[in-house]
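This report concerns only the one structure given below.
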Amino acid sequence: IVLTQSPVSLPVTPGESASISCRSSQSLVRVNGYNYLDWYLQKPGQSPQLLIYLGSHRASGVPDRFSGSGSGPDFTLNISRVAVEDVGVYYCMQARQTPLTFGQGTKLEI
Amino acid sequence: QVYLVESGGGVVQPGRPLRLSCEVSGFNLSDNAMHWVRQAPGEGLEWVALVSHGGKNKEYRDSVKGRFSISTDDSKKTVFLQMSGLTAGDTAVYYCAKDRGQRTGSLDSWGQGTLVTVSS
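For the record, the sequence lines run as chains A and B.
Per our numbering, residue 1 is the first one in the first sequence, and the count goes up by one each step.
Per our numbering, residue 1 is the first one in the second sequence, and the count goes up by one each step.
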């Protein structure tokens, strides 16, 4: 399954909102009806961290300014009130089937 | 608190084997699937392998099938990635990651990574 993210680079001003898109080449729905699409953030020099799972569920400890939406093939990560600490590369990833695959990444810059 | 600590990386000659380890704490390997994900220098993320909770089922990306083997030792709370037939294309930071459940595919905790450099 191929995931295509856009944009590749996203310059933002703190306090503004930002959106990242992820398009899937195939359905990401498993038999339970959920879309197996996650969002990860890799901050500079750090390991990736899970932000959103099953398309719209925030992971533990993730601020509520992060939200995920969409259904196949188009998914969106929205960040309201971007903060300086949100800089890094955002990846979408499909967990519908192996091999798990990632989008190419979107670099959010302040 | 969940922790994952990888070790075993380093510089290895092409064709030589290498074993990576991931020691975990804060949860049981019998409860969660575990994954290895790699990132080549300056590149994006690439899933490598998974082992199911309890260690019975294993899956790999095509490019490492037959060369890499994932396993767990519950008593040592460690996940291993045995790598053989290494090529320059395997050069990457290798991350160990915990599945959110038994086989959800969502990776909710990651280690700090260990760098593998394949070079003569």
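For every residue, glycine included, the Cβ atom is placed at its ideal position computed from N, Cα and C.
Going by the CB atoms, is the gap between Val12(B) and Leu18(B) shorter than 7 Å?
-> yes
May I ask which residues mark the beginning and end of the beta strand (DSSP E) holding Ser6(A)?
-> Leu3 to Ser6
In angstroms, rounded to a whole number, what distance separates the CA positions of Gly15(A) and Gly88(A)?
-> 16 Å
Sequence-distant residues of its chain with Cβ nearer than 8 Å to Leu10(A) (five each side left out) | Ala18, Ile20, Thr106, Lys107, Leu108 and Glu109
Just the C-alpha distance for Asn113(A) and Arg65(A), rounded to the nearest angstrom, thanks.
-> One cannot answer for residue 113(A) here, as it falls past the ends of chain A, which runs 1 to 110.
Which partner residues does Ser25(A) have in the DSSP bridge list?
-> Bridge partners of Ser25(A): none, in fact.
Selection of the stretch 20 to 50 of chain A by Cβ proximity to chain B, strictly under 8 Å = Tyr36, Asp38, Tyr40, Gln42, Ser47, Pro48, Gln49 and Leu50
Establish whether the CB of Trp110(B) and some CB of chain A are separated by less than 7 Å.
-> yes
Hey, quick one: how far does the beta strand (DSSP E) through Gln82(B) stretch, first residue to last?
-> Thr78 to Met83
Any Cβ of chain B within less than 7 Å of the Cβ of Leu100(A)?
-> yes
Based on the DSSP secondary-structure assignment, which residues constitute the bridge partners of Asn35(A)?
-> Val29(A)
Could you give the distance in angstroms between the alpha-carbon of Leu20(B) and the alpha-carbon of Asp74(B)?
-> 16 Å
Using a Cβ cut-off of 7 Å, which residues of the stretch 75 to 91 of chain A contact any Cβ in chain B, in chain order?
-> Tyr91
Establish whether the CB of Gln5(A) and some CB of chain B are separated by less than 7 Å.
-> no
Nearest to Gly45(A) by alpha carbon, out of Gly10(B), Glu46(B) and Pro41(B)?
-> Pro41(B)
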